[in-house]
Every structure is written in C-alpha cells, then in structure tokens.
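> Got a structure for you, questions after.
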C-alpha cells in the first residue's frame, strides 16, 4: 500500500501550448480545423497524458490523449463521446456515443507517429485513420498535433 507522500510523487502536471490541425474527409467533402489551445502534460503512474479543452463554435470539449510509442488512446467527452485506440498492428473496435445513441465502429490506423520528451515536455502526434461502421467507410481523418511547455 502506498502512503500519501508516495501517491503525491506519482503525478506531474506541466502546462503546455497545443497546436492541432485535423483534416476530415467524409462523403467526398474535405474539412480542416485548426486549434490553438492551452493544456497539460500529465505523468501518472508511469503513463503520459495530454489534456486540454477544445473550443469550437461556442462549445468546449474535454480531450485527452494517452501517449505511447506504438499506440495512442484518444478520449473526447461531451454530447458526443469518443474513445479511440490507435495502433498500427490491427484495427480496434470502439463505441461512439451520440445524442441519438451508440454506434459501434472500427478504427483502422494507417499512420501513427508519436514522439515526445517527458523531460523537456514537448512532442508531436502524426496520425491518419479511417472509421467504418457496418462495413461502410464513414471517413478518413488526419491529425497533426504539436505541444510544448
């Protein structure tokens, strides 16, 4: 059992600046979004997280990435909840929660490059993936993210 002092030493939170560009292709339409946000780089129990609030069209959406060298986990909260696991080795299943109900989807990661330095607290994510539901392509998505303390 960890004592209170050991538990407090597990976590480190560093403020970071995040620049994110997301490109979406759905039904022949291509949209691109840019975000410039303040967030946190968090070290917790030997894992690394990037957390921030995404502001778009008057809506604030909490976003969290769990960073890994060969996989990436993305969680977005709000009216629509996403919980995606990205890995090059195999597609992953997910559930997309909308105001209309839950949609089961398959996440196929085409490109994944995660680089970060936990000491200097900076890094980048280069990600491309496809979402399918009922064996039909929903869209192709590209994410480029840079962060630094």
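In this note's numbering, the protein residues as written are 192 to 340.
We put the CB at the ideal spot given by N, CA and C, even for glycine.
1) For residue 293, count neighbouring C-beta atoms within 10 Å of its own C-beta (all shown protein chains included) and say buried if the count is 16 or more, exposed if not.
2) Is the Cβ-Cβ distance between residue 275 and residue 305 less than 8 Å?
3) Work out the CA separation of residue 217 and residue 161 for me, nearest whole Å.
4) How far does the beta strand (DSSP E) with residue 314 in it reach, from first residue to last?
5) Could you name the residues of the same chain whose beta carbon sits closer than 6 Å to that of residue 230, not counting the 5 residues immediately before and after it, in chain order?
6) For residue 205, which residues in the same chain have their Cβ closer than 6 Å to its Cβ, ignoring the five residues on either side in sequence?
7) For residue 303, tell me which candidate among 309, 333 and 288 has the shortest Cα-Cα distance.
8) Can you check whether the CB of residue 252 is closer than 8 Å to the CB of residue 266?
To lay it out plainly:
1) Position 102 of the chain shown holds residue 293. Flag for residue 293 reads exposed.
2) For this step, residue 275 is matched to residue 84 along the chain shown. For this step, residue 305 is matched to residue 114 along the chain shown. Judged by beta-carbon spacing, residue 305 lies beyond the 8 Å limit of residue 275, meaning their Cβ atoms are not closer than that value.
3) No answer is possible for residue 161: it lies beyond the span of the chain, which begins at 192 and ends at 340.
4) For the purposes of this step, residue 314 is taken as residue 123 along the chain shown, with counting starting at 1. Residues 313 to 324.
5) Here residue 230 is taken as the residue at index 39 of the chain shown, counted from 1. Same-chain partners within the cutoff: 207, 209, 242 and 243.
6) Start at 1 with the first residue of the chain shown, and residue 205 comes out as number 14. Same-chain partners within the cutoff: 232, 312 and 340.
7) Position 112 of the chain shown, counted from the first residue, corresponds to residue 303. Nearest C-alpha to residue 303: 333.
8) In the chain shown, residue 266 corresponds to position 75, counting from 1. In the chain shown, residue 252 corresponds to position 61, counting from 1. In this structure, residue 266 sits away from residue 252, with a CB-CB distance that is not shorter than 8 Å.
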